[in-house]
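Position one of the sequence shown corresponds to residue 976 (this note's numbering), numbered consecutively onward. Using N, Cα and C, we set each Cβ at its ideal position, and we do this for glycine too. Working notes, structure below.
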Amino acid sequence: MTVFLVVPNFLAFVVIIVFLDGDALNGYVRDGHFFLCAHGSCVEVSHSIWTYSYWHAVTAWGGVFLFILEMVTFVTTGDIVLDFGTKP
976 MTVFLVVPNF LAFVVIIVFL DGDALNGYVR DGHFFLCAHG SCVEVSHSIW TYSYWHAVTA
1036 WGGVFLFILE MVTFVTTGDI VLDFGTKP
């Protein structure tokens, strides 16, 4: 299932954001300098770190989107039944 790929990748993404003090999706490139940003603070990194952070962020959030799409598909087709009724 998708969850076994998405969850570890997303958790690794969060740990790396903490380690690098930001990510490329919140960062920017200016005059050949690459910055990772989070919560209003930015740190300058090399081009390779910025590129890695960018693609890891894209795959992490893309995986979350695919997981949600998969769950919606399963619920819509009836493969997963959600029962929110009250139990006696």
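Original post:
From F988 to V982, what does the alpha carbon distance come to, in whole angstroms?
Top reply: 10 Å
**OP:** Take V993 as the anchor and find which of D1054, V978, V1056, S1028 has the nearest alpha-carbon.
**Re:** S1028
**OP:** Please confirm whether L995 and L1011 have their CB atoms less than 9 Å apart.
**Re:** yes
Subject >> Sequence ranges, beta strand (DSSP E) only - wholly within the region 992-1034, length at least 3 >> reply: 998-1005, 1008-1013, 1016-1020
Subject >> Closest residue to F1009 among V1056, T1061, E1019, T977 (Cα-Cα distance) >> reply: E1019
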